[in-house]
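For reference, each letter of the sequence shown is one residue, going 1 to 351 in our numbering. Even for Gly, the Cβ is constructed at its ideal location relative to N, Cα and C. All values derive from a computational prediction rather than experimental measurement. A short write-up of the structure that comes next.
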Amino acid sequence: MKRLVLLGLALLAGMVPASAQNLTKLKAGMVTGIDQIGLPIALERGFFEKYGLDVTIARPYATGVDALNALQAGESEIVQVGVPMIGAVLRGMDLVALGNYSGNATKAGSDATMAIIAREGSGIVKGDLSTLKGKKIAASFGTINHLYILATLEKAGLKPDDVTLVNTPPPDMTVALLAKGIDAFSGWDPWPIVAGKDVPGAVEIIRGGDVISYIGFNVALRPWVQANGETIEKFLAAVSEADQWMRKNPKLAAQVATRWIPGLKQEVAETAMQFNIQQADRRLSANNYRALWSAEDRLARLGILKSTFDVNAHIEPKHILKVMKDRPELFADLPPIPETAAIKPGYVFKP
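Next up, the structure:
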């Protein structure tokens with residue numbers, strides 16, 4: 001009888017596809033932003049399994065700074081972050097950017113998922129950025145929303161000292177606005193849209209505008225990158241397919257977002273997704289190198305950074321370029337990258 005049971009178990013094991021028996025385990029991390037949703041879509045739609053991966057997603061973090069702390073602690077092996085990568089590298093964290101989770105490979109400016117929201121009675125006037133002067137504005141220091149407010153102030157001819165910036169996690173910004181603890185906040189979706197619905201009289205002062213070139217990379221520590229090229233390519237193929245599904249199915253993608261961002265309502269997610277799909281592009285080009293360089297340059301000019309680093313040393317394009325070459329259908333619905341911005345393995349960016 002024991003031999004029959006063992007034989008039965010062996011036959012059942014034989015029915016399991018070989019790919020399911022040999023999935024590579026991977027721990028990934030994300031932030032509570034609508035532009036991060038390609039990662040859980042790849043999990044829920046089975047794209048990771050399709051490419052031979054068994055992915056576990058860590059709880060969504062409030063900011064990229066938190067995600068990088070988790071990466072350093074070993075809680076994740078690959079995370080999705082943007083501007084926080086700059087400060088981490090300058091502090092000695094040897095990070096490598098492998099592809100975009102949000103951004104634009106076809107042009108320089110891209111910030112459709114960013115907005116500044118003001119409370120009623122703040123004195124800040126929609127379309128008149130000069131009225132930001134003297135106001136108390138929330139931002140998450142060291143993140144993309146911090147970069148966005150700094151660039152917006154520059155656009156208005158203002159300096160950082162012309163306002164009072166308050167370091168605030170995005171999930172807390174709506175509460176701070178509602179309590180009149182701040183006059184406005186700079187944030188990524190869905191939080192500007194949440195505030196517009198939950199804060200009576202809230203005003204969207206500016207949305208997007210190509211004020212900055214969005215920075216949103218899949219990043220990992222260099223030793224892990226050097227040892228896991230094949231896994232990285234599988235990961236990038238899976239999330240690229242998820243991005244394409246998201247671009248084609250924004251309402252269904254919004255449903256996924258409600259399961260991963262605490263408290264996110266379907267109507268808010270659907271609105272935010274319309275902006276998100278405008279910059280859901282995993283490809284890398286010279287534009288993405290310039291985006292990272294220009295962020296460093298702005299932060300250094302404003303005295304926020306005391307030093308900078310060579311962006312070429314912290315972007316490795318060969319894995320996403322291989323996916324782009326081997327699976328062009330995953331990007332067929334996107335505008336082609338201009339020849340002047342297209343890159344090859346070994347590309348060196350020069351400002």
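Secondary structure of residue 179, DSSP reduced to three states: Of the three classes helix, strand and coil, the one that applies to residue 179 here is coil, per DSSP.
Distance between residue 56 and residue 17 (C-alpha atoms, nearest Å): Confidence is the limiting factor: at residue 17 the pLDDT is only 43, short of 50, which leaves the residue's position unreliable and the question unanswerable from this model.
With 16 other Cβ atoms within 10 Å as the buried cut-off, status of residue 119: That one is buried.
Nearest-angstrom Cβ-Cβ length linking residue 214 and residue 279, presumed shorter than 8 Å: With 8 Å as the limit, residue 214 and residue 279 qualify as a contact, their Cβ atoms being about 6 Å apart.
Chain-order list of residues whose beta-carbon lies under 7 Å from that of residue 352 (same chain, five-residue window excluded): Only positions 1 to 351 of the chain appear in the structure, and residue 352 is not among them; the question remains open.
Where the alpha helix (DSSP H) containing residue 287 begins and where it ends: Looking at the DSSP string, the run of the alpha helix (DSSP H) that includes residue 287 is 286-301.
Distance, residue 283 Cα to residue 45 Cα: Rounded to the nearest whole angstrom, the CA to CA distance from residue 45 to residue 283 is 21 Å.
Best match in 336, 289 and 303 for proximity to residue 349 [C-alpha to C-alpha]: Residue 289 is the option with its Cα nearest to residue 349.
Residues near residue 29 by beta carbon distance below 8 Å, same chain, minus five either side: These residues qualify, in order along the chain: 57, 58, 61, 67, 70, 71, 75, 76, 78, 79 and 80.
For residue 196, the first and last residue of its enclosing alpha helix (DSSP H): Residue 196 -> alpha helix (DSSP H) spans 191-198.
Cα-Cα separation between residue 323 and residue 236, rounded to whole angstroms: Cα-Cα distance, rounded: 7 Å.
Expected contact under 8 Å - CB spacing of residue 164 and residue 136 to nearest Å: At roughly 5 Å, the Cβ-Cβ gap stays under 8 Å, so residue 164 and residue 136 are in contact.
Residue closest to residue 178, alpha-carbon to alpha-carbon, out of 198, 331, 134 and 336: For the residues 198, 331, 134 and 336, the minimum Cα distance to residue 178 belongs to 198.
Cα-Cα separation, residue 276 to residue 34: Whole-angstrom Cα-Cα distance: 7 Å.
For residue 100, the three-state DSSP class (helix, strand or coil): In the three-state reduction of the DSSP assignment, residue 100 falls in the strand class, which pools E and B.
Inter-residue spacing [alpha-carbon to alpha-carbon] between residue 329 and residue 160: Whole-angstrom Cα-Cα distance: 44 Å.
Neighbour-count burial assignment, residue 316, 16 or more Cβ in a 10 Å radius: It is buried - the Cβ of residue 316 has at least 16 other Cβ atoms within 10 Å.
Residue burial classification, residue 340 (beta-carbon count within 10 angstroms, cutoff 16): Exposed.
Distance, residue 264 Cα to residue 31 Cα: Annotation: residue 31 to residue 264 spans about 14 Å, alpha carbon to alpha carbon.
Nonlocal neighbours in the same chain, by C-beta distance under 6 Å from residue 2, ignoring five residues either side: Because residue 2 sits at a pLDDT of 34, beneath the cut-off of 50, its placement in the model cannot be relied upon, and the following sentence gives the value as read from the coordinates. Shown here for residue 2: not one same chain residue has a beta carbon closer than 6 Å to its own, the five before and five after excluded.
Among 27, 24 and 39, the one whose alpha carbon lies nearest that of residue 260: It is 39 whose Cα lies nearest to the Cα of residue 260.
Contacts around residue 201, its chain only, beta-carbon distance under 8 Å, and the 5 residues preceding and following it disregarded: The residues are 119, 120 and 121.
Residue 125 burial status per 10 Å Cβ neighbour count (16 or more: buried): Exposed: under 16 other Cβ atoms inside 10 Å.
Sufficient close CB pairs (3 or more, under 8 Å) joining the stretch 133-149 to the stretch 174-194: Touching, per the Cβ criterion.
Bounding residues of the beta strand (DSSP E) (the contiguous stretch that carries residue 114): Taken as a continuous stretch (DSSP letters only), the beta strand (DSSP E) holding residue 114 covers 114-118.
Assigned exposure category for residue 128 - 16 Cβ within 10 Å defines buried: Residue environment for residue 128: exposed (fewer than 16 other C-beta atoms within 10 angstroms of its C-beta).
Sub-8 Å separation of residue 205 and residue 116 beta-carbons: Yes. Within cutoff.
Residue 73 classed as buried or exposed, judged by whether at least 16 other C-beta atoms fall within 10 angstroms: Exposed, by the Cβ-count rule.
Cutoff 7 Å; reference residue 253; Cβ partners in own chain excluding five residues on either side: Same-chain partners within the cutoff: 37, 41, 246 and 273.
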